[in-house]
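Student: Chains as they are written, first to last, in this note's numbering: chain G, 1 to 670; chain S, 1 to 418. A virtual CB, placed ideally from N, CA and C, is assigned to each residue, including glycine.
Encoded structure:
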């Protein structure tokens, strides 16, 4: 337990006590003349009464409804993909496909959400295109509605549903499914009797990882929702800032947690009931099925001379259907990110509106002949973002493919030319298409964006160090010295992982103001804003590191450490020379994961940061008015950093002998 | 509807009645576009019940010399150094003035963060016990006394702001800070609407029309500003009720109407609809004049037709707000903050900024300055208002109804999302 003490102190100080204050504030009264606008002299239930007022309660109901729909949609869309990845894909493809699921999930949440403004804009290119092609009569009307929030929620959390389900399915030993088949079960019985029950825990994890954060989501509703897509998370945040009504915000937060727990309890109850029902009905079903099988066997015996009917054709059909579905889902995951990259080359004054203003006019300018989208000519020569993308891809493909085609026709082309043709075509495409690179050129001169990125890195770096130190120690303690405390501690870690971020955010904001000291005054050269971010971001990431380290050590027996102790090594030395090397890969993976999570942290950072705001916080501020195109460039830079650190995680884990499946398990939170 | 003119003359705050009577003194009104600026209410108007202020000497306007109009102004530029951080409203300064040019002219490198409402600003500053790390903040006038009382603002060192004399006396010495100890006018503007005339199919001439269009032709396709004062103001202005009313009956009626009859028609609460209008998200928006002016540019950018869209200033009455540069308590770089604010008060820089954000920056003789620096200013009628228009504008007071107004907005939001 000794090793876990730093973690315990940290979580008590920055999680349990602040949340306790939120509960206390919910019984206070608003007093906006105070610096911390809560009057605690008269405790009352007034705030709860207000929240139960019909108007507020409708938003509660709407939020829970939207989150339940989104969770179910994630489940339905994600399960076939997870199943496909686990059972139907060759090992060498699995790693790549998994990476394709993971990368979007770890790309900046805010940017991914913002990206949906591009295809959903009623006056945007996609909308125009669909109308020109006769696929729609009217512009796309989703933007600023609950539909947009629903769509983006599914999009934002799909990866977090697929990963744990994949991990659970992947852990099912192939033998079990085969045994089921050998014992005469058909495919459906194997699926319902073996696969589905064993996938249960992973599915439950997926549901927790999506449903709970959805309920507290504040970014999606703010960026896309308009008035109709209002959600509790946004309403709570506005109670703390715009309305300065902390008691009511606290009451809402407390009620939100209760509502979430209630829904989860109801879901568990339904599942339990279904299981019970299944157990009652099962014998009857089995009898029917057995009878059917016997009849089939009898028929088979009659036709024993003829070759049995090949049942695998339908298998291939399933496989094709599943792979098509998976490709569609992957495309769905990547399209918004690709649009962000494309729009970072936008001319004009705003990020989301494609101005069609290019640096060259080689391919007809705006309004020139062939500019329409209703003909193949227009498709290639037009000035919309999509035609630019097509043009770009066509040039690159042509450049890359030409030498290879020539070779087919036995025209001698040197290997050097072939090797470089693609890259050269890429540069040519850039120049010819005339994508606007001015934002890249002027990126670091843009206002504050360099500062924001620097702050993001500094904050993520410090928070990661804290997370690795306290999380690593706690992980070792949990794996090696589990005791009565371990259950409680794990429960707290679990709570930290599932508490809606908005709740942590408001709790910390108030608590840090109350604490003062290094949270309101600079410590030497270190700004207090940075200290706040270190503490705030370290909570979630240290919980992740704890679980990863624990999982790694739990897989190794303790004999090496015992041997060291038997040979007379003092505990400190044994830890340094034996345990530390054993967990080093887990620590590195945890560190990089935590770094990625911290870089992306928006909600906590937005509510606690001072003048040193990070990239997502600054971007969130900018979304309130016009988002300039250079934010797209920042998004691309951040995307690259995330990509690089994920790649490192892969390499580190791979070197330590993990398969791609185990890596996915690590990323899904141990 | 009540007879608006009669009602208004009674409702206009003291300042404006004086403004109207003293109009002739400061009026320039010579520009070809027929631009006119708000006349002075002067700095003799002092309030005694404020926590800020006291006796102070009126600032003397600069002597106008021969040559270009701007040469007669105070053009002091003080060098400074280090990093300067500003917390302000979205997209509210020419990017060059908070970027490369500030670096070149003043030696100051800047970073800027944005807040969506005065309350958010106050919460953020309070969260650090008034030591937020921001140097410059830009609150709206009526919120300044509250911020001073909470210890969130620092006094100016007026010797470091010699260019303050360039500001039209009409915008100095306002109620909230009679001696400009804490604040100086950044710019002022008003509220109205912008709408797609082709889609709406009729004219919007006053707030009653606006409300009616939102409830009918543009139901589910309109946005309102995301501030309590503006959402409730729309109702008060339309019904000839004093915007700053503290009468419970008025507030109750306002809440009943907005929550029960209006909320369900709102598509979004959006303080900066310009980009979203271009995306096609709304066909009618309540907007501040500068943002509405930018909408025309964005609509053209998106390939839309700006001629389909119309701007209208709120009528029969509407608001006049003034945002102010202030220095936050514990500003890490107060010297640079003074230098930058002072720089923004030089005519050339001020007009340059005006051209970007589209709000009247309150310089003296502003029409001459415009003729000198940006003779081809587009849509100037959305930046400068005629005397009759200014006469209909009311300034917000932060009074006992403040909490209630915030509450009403909250309920409207909850209802709109239901």
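Say whether chain G places a C-beta atom closer than 8 Å to the C-beta of residue 73/S.
Tutor: As a working note, residue 73/S is residue 73 in the second chain. Not an interface residue.
Student: Please report the straight-line C-alpha distance between residue 182/G and residue 259/G, rounded to a whole angstrom.
Tutor: Working through the first chain from its first residue, we reach residue 182/G at position 182. Working through the first chain from its first residue, we reach residue 259/G at position 259. Looking at the two C-alpha atoms, the distance is approximately 46 Å.
Student: Relative to the C-alpha of residue 135/S, which residue among 357/S, 327/S, 253/S and 384/S is closest?
Tutor: For the purposes of this step, residue 135/S is taken as the residue at position 135 of the second chain. Ranking the options by Cα distance to residue 135/S, first place goes to 327/S.
Student: Going along chain G in order, which residues have a C-beta closer than 8 Å to the C-beta of residue 267/S?
Tutor: Counting from one through the second chain, the residue named residue 267/S turns up at place 267. Those within 8 Å of residue 267/S in chain G are 144, 145, 226, 227 and 228.
Student: Measure the alpha-carbon distance for residue 93/G versus residue 419/G and round it to whole angstroms.
Tutor: Residue 93/G sits at position 93 when you count from the first residue of the first chain. Residue 419/G sits at position 419 when you count from the first residue of the first chain. For residue 93/G and residue 419/G, the distance between alpha carbons rounds to 24 Å.
Student: Do the stretch 573–590 of chain G and the stretch 470–479 of chain G meet, that is, are 3 or more Cβ pairs less than 8 Å apart?
Tutor: Result yes; three or more Cβ-Cβ pairs closer than 8 Å.
Student: Residues of chain G with CB under 8 Å from residue 119/S, in chain order?
Tutor: Taking the first residue of the second chain as position 1, residue 119/S is located at position 119. Simply 241, 242, 243 and 244.
Student: Do residue 198/S and residue 308/S have their beta-carbon atoms positioned less than 8 Å apart in this structure?
Tutor: Your numbering for residue 308/S matches position 308 in the second chain. Your numbering for residue 198/S matches position 198 in the second chain. Yes, they are a contact pair.
Student: So, do the stretch 46–59 of chain G and the stretch 236–249 of chain G have three or more beta carbon pairs nearer to each other than 8 Å?
Tutor: Short answer: they touch.
Student: Helix, strand or coil: how does DSSP classify residue 161/S here?
Tutor: What you label residue 161/S is simply residue 161 of the second chain in a count that begins at 1. Coil at residue 161/S, not helix or strand.
Student: Would residue 29/G pass as an interface residue toward chain S - the criterion being a Cβ-Cβ separation below 8 Å?
Tutor: Here the question's residue 29/G lines up with position 29 in the first chain. It does not; no Cβ of chain S falls within 8 Å.
Student: In chain G, what lies closer than 8 Å to residue 297/S by C-beta?
Tutor: Taking the first residue of the second chain as 1, we reach residue 297/S at position 297. The answer, in chain order, is 349.
Student: When the Cα of residue 403/S is compared with those of 388/S, 245/S and 75/S, which residue comes out closest?
Tutor: As a working mapping, residue 403/S is identified with position 403 in the second chain. Of 388/S, 245/S and 75/S, the residue nearest in Cα terms is 245/S.
Student: In chain order, what residues of the same chain have a beta carbon less than 7 Å from the beta carbon of residue 464/G, not counting five sequence neighbours either side?
Tutor: Stepping through the first chain from its first residue, residue 464/G is reached at position 464. Result list for residue 464/G: 541, 591, 594, 595 and 598, in chain order.
Student: Applying a beta-carbon distance threshold of less than 7 Å, which residues of chain G neighbour residue 259/S?
Tutor: By one-based count along the second chain, residue 259/S stands at place 259. Within 7 Å Cβ-Cβ: 55.
Student: Tell me which residues of the stretch 495–524 of chain G have at least one Cβ-Cβ distance to chain S shorter than 7 Å, keeping chain order.
Tutor: Hits within the stretch, in order: 509, 513, 516, 520 and 521.
Student: Check the Cβ of residue 117/G against every Cβ in chain S and list those closer than 8 Å, keeping chain order.
Tutor: As a working mapping, residue 117/G is identified with position 117 in the first chain. Per Cβ cutoff of 8 Å: 279.
Student: Within a Cβ cutoff of 7 Å, which residues of the same chain sit near residue 528/G, ignoring the five residues on either side of it in sequence?
Tutor: The count along the first chain starts at 1 and reaches residue 528/G at position 528. Result list for residue 528/G: 518, 519, 520, 521, 522 and 610, in chain order.
Student: Between the alpha carbons of residue 73/G and residue 191/S, how many angstroms are there, rounded?
Tutor: By one-based count along the first chain, residue 73/G stands at place 73. By one-based count along the second chain, residue 191/S stands at place 191. The alpha-carbon atoms of residue 73/G and residue 191/S are separated by roughly 43 Å.
Student: Is there a C-beta anywhere in chain S that falls below 8 Å from the one on residue 529/G?
Tutor: Numbered from 1 along the first chain, position 529 holds the residue referred to as residue 529/G. At least one chain S Cβ lies under 8 Å of residue 529/G.
Student: Pick from 394/G, 32/G and 291/G: whose alpha carbon is nearest that of residue 147/S?
Tutor: Position 147 of the second chain, counted from the start, is the residue given in the question as residue 147/S. With distances taken between Cα atoms, residue 147/S lies closest to 32/G.
Student: Classify residue 421/S as helix, strand or coil using the three-state DSSP reduction.
Tutor: Lying outside 1 to 418, the shown extent of chain S, residue 421/S is not represented and no answer is given.
Student: Report buried or exposed for residue 98/S, applying the criterion of at least 16 other Cβ atoms within 10 angstroms of its Cβ.
Tutor: For this step, residue 98/S is matched to residue 98 along the second chain. Residue 98/S is buried by the Cβ-count criterion.
Student: Candidates 141/G, 547/G and 439/G: which alpha carbon is nearest residue 489/G's?
Tutor: Taking the first residue of the first chain as position 1, residue 489/G is located at position 489. Considering only alpha carbons, the answer is 547/G.
Student: Hey, could you find the ends of the beta strand (DSSP E) residue 87/S is sitting in?
Tutor: For the purposes of this step, residue 87/S is taken as the residue at position 87 of the second chain. Run containing residue 87/S: 83–88, per the beta strand (DSSP E) assignment.
Student: Which word fits residue 391/G, buried or exposed, when buried means at least 16 other C-beta atoms lie within 10 angstroms of its C-beta?
Tutor: Counting from 1 along the first chain, the entry for residue 391/G is found at position 391. Residue 391/G should be labelled buried.
Student: Given a threshold of 16 other Cβ atoms within 10 Å of its Cβ, counted over all protein chains shown, does residue 423/G qualify as buried or as exposed?
Tutor: Mapped onto the first chain, residue 423/G falls at position 423. Residue 423/G should be labelled exposed.
Student: Name the one or two DSSP bridge partners that residue 29/G has.
Tutor: Sequence index remark: in the first chain, residue 29/G carries index 29 (1-based). Paired residue(s): 39/G.
Student: Under a CB-based cut-off of 8 Å, is residue 39/G close to chain S?
Tutor: Here residue 39/G refers to the residue found at position 39 when the first chain is read from its first residue. No - not a single Cβ of chain S is within 8 Å of the one on residue 39/G.
Student: Could you tell me the boundaries of the beta strand (DSSP E) in which residue 135/G lies?
Tutor: Numbered from its first residue, the first chain carries residue 135/G at position 135. No beta strand (DSSP E) holds residue 135/G; DSSP gives it neither H nor E.
Student: Applying a beta-carbon distance threshold of less than 8 Å, which residues of chain G neighbour residue 416/S?
Tutor: As a first step, residue 416/S is located in the second chain; it is residue number 416 there, counting from the start. Neighbours of residue 416/S on chain G, chain order: 227, 228 and 230.
Student: Please go through the same chain and pick out, in chain order, the residues whose beta-carbon is closer than 7 Å to the beta-carbon of residue 337/S, but skip the five residues on each side of it.
Tutor: What you label residue 337/S is simply residue 337 of the second chain in a count that begins at 1. Excluding positions up to five away in sequence, the list reads 84, 135, 136, 327 and 331.
Student: Say whether chain S places a C-beta atom closer than 8 Å to the C-beta of residue 709/G.
Tutor: Lying before the first or after the last residue shown, residue 709/G is absent from chain G, which here runs from 1 to 670.
Student: Starting from the N-terminal side, write out each stretch of the alpha helix (DSSP H) that is 4 residues or longer and does not extend beyond the stretch 79–127 of chain G.
Tutor: You should have 91–105, 109–115 and 117–120.
Student: Give me, in chain order, the residues of the same chain whose beta-carbon lies closer than 7 Å to that of residue 343/S; leave out the 5 immediate sequence neighbours on both sides.
Tutor: Counted from its first residue, the second chain places residue 343/S at position 343. Correct list, in chain order: 77, 105, 106 and 349.
Student: Assign residue 515/G to one of three DSSP states: helix, strand, or coil.
Tutor: By 1-based counting over the first chain, the position of residue 515/G is 515. Residue 515/G: helix per DSSP, three-state reduction.
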